[in-house]
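Numbering (my numbering), first residue to last: 113 to 276.
Structure, as structure tokens:
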């Protein structure tokens, strides 16, 4: 652990019960997902994405209250994936209607994925907004979303999420 590291969430120390699901059923879709803790200290975000009924995404989200400064440059995910592409999302204020988004690809092996904070771009319902990239001093909500415009089963195991 580096001096400036902030642990956002460590599944080996916390259960998944604070995570909430928001799937495409909010707009008529039929995708399903869950975030559950397993006995190996992972949070497992899994489910099925279906594109019918204008659907096509599943998301798990967590309210946070994290202050950051200029020494914090990146979000780091320790994951074991399924070879699929996901988005990591952040909000500087919970009431914001849009997210700052960055995509990442997974493999079927343990990975340490680094996402530079200044590379998160603003997005609303899949559309990039004409605003600057993330530059806030706080993160009040995070999320992981899968929405690859196809029907697919998914399973992403997350060990922990930090800011460095």
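Built from N, CA and C at the ideal position, the CB exists for glycine as well.
**Message:** To the nearest angstrom, how far is the alpha carbon of residue 223 from that of residue 208?
**Reply:** Walking along the chain shown from the start, residue 223 turns up at place 111. Walking along the chain shown from the start, residue 208 turns up at place 96. Distance between the alpha carbons of residue 223 and residue 208 is about 30 Å.
**Request:** Would you mind giving the Cβ-Cβ distance between residue 198 and residue 257, rounded to the nearest angstrom? I have them listed as a contact below 8 Å.
**Result:** Walking along the chain shown from the start, residue 198 turns up at place 86. Walking along the chain shown from the start, residue 257 turns up at place 145. Taking the Cβ atoms as the reference, residue 198 lies roughly 7 Å from residue 257, within the contact range of under 8 Å.
**Prompt:** Residues bridged to residue 264 by DSSP?
**Reply:** By 1-based counting over the chain shown, the position of residue 264 is 152. Residue 264 is bridged by DSSP to 161.
**Request:** Tell me whether residue 139 sits in a helix, a strand or coil according to DSSP, three-state version.
**Result:** By 1-based counting over the chain shown, the position of residue 139 is 27. DSSP places residue 139 within a helical segment (H, G or I) once states are collapsed to three.
**Request:** Could you check if residue 201 is buried or exposed, using at least 16 other CB atoms within 10 Å of its CB as the buried criterion?
**Result:** Looking up residue 201 in the chain shown gives position 89. For residue 201, the number of other beta carbons within 10 angstroms of its own is at least 16, and it is reported as buried.
**Item:** Classification of residue 166 by the beta-carbon crowding that lies within 10 angstroms, buried from 16 upward
**Value:** Mapped onto the chain shown, residue 166 falls at position 54. So residue 166 counts as exposed.
**Item:** Nearest-angstrom Cα separation, counted from residue 220 out to residue 270
**Value:** For the purposes of this step, residue 270 is taken as the residue at position 158 of the chain shown. For the purposes of this step, residue 220 is taken as the residue at position 108 of the chain shown. Computed Cα separation, rounded: 12 Å.
**Asked** Nearest to residue 120 by CA position, among 184, 170 and 232, is which residue?
**Response** Residue numbering aside, residue 120 sits at position 8 when the chain shown is read from its first letter. Of the candidates 184, 170 and 232, the one whose C-alpha sits nearest the C-alpha of residue 120 is 184.
**Request:** Would you kindly work out how many angstroms separate the C-alpha atoms of residue 155 and residue 187, rounded to a whole number?
**Result:** Here the question's residue 155 lines up with position 43 in the chain shown. Here the question's residue 187 lines up with position 75 in the chain shown. The alpha-carbon separation between residue 155 and residue 187 amounts to approximately 17 Å.
**When 234, 243, 210 and 268 are compared against residue 195, the one with the closest alpha-carbon** = Taking the chain shown and counting its residues from 1, one reaches residue 195 at position 83. Closest by alpha carbon: 268.
**Asked** Where in the stretch 203–265 do unbroken runs of the beta strand (DSSP E), each at least 3 residues long, occur, reported from the N-terminal end onward?
**Response** Listed in chain order, the complete beta strand (DSSP E) runs (minimum 3 residues) inside the stretch 203–265 are 211–217, 222–228, 233–236 and 250–258.
**Message:** Quick check: what's the CA-CA separation for residue 132 versus residue 175?
**Reply:** The residue you call residue 132 lines up with position 20 of the chain shown. The residue you call residue 175 lines up with position 63 of the chain shown. In this structure, the straight-line span from the alpha carbon of residue 132 to that of residue 175 is close to 9 Å.
**Item:** Endpoints, beta strand (DSSP E) assigned at residue 154
**Value:** In the chain shown, the residue the question calls residue 154 occupies position 42. Per DSSP, residue 154 belongs to no beta strand (DSSP E) and is neither H nor E.
**Request:** For the beta strand (DSSP E) holding residue 120, just list the boundary residues, first then last.
**Result:** Taking the first residue of the chain shown as 1, we reach residue 120 at position 8. Per DSSP, residue 120 belongs to the beta strand (DSSP E) from 118–122.
**Message:** Between which residues of its own chain and residue 231 is the CB-CB distance below 7 Å, once the five residues before and five after are set aside?
**Reply:** For the purposes of this step, residue 231 is taken as the residue at position 119 of the chain shown. Taken in chain order, the residues that qualify are 214 and 245.
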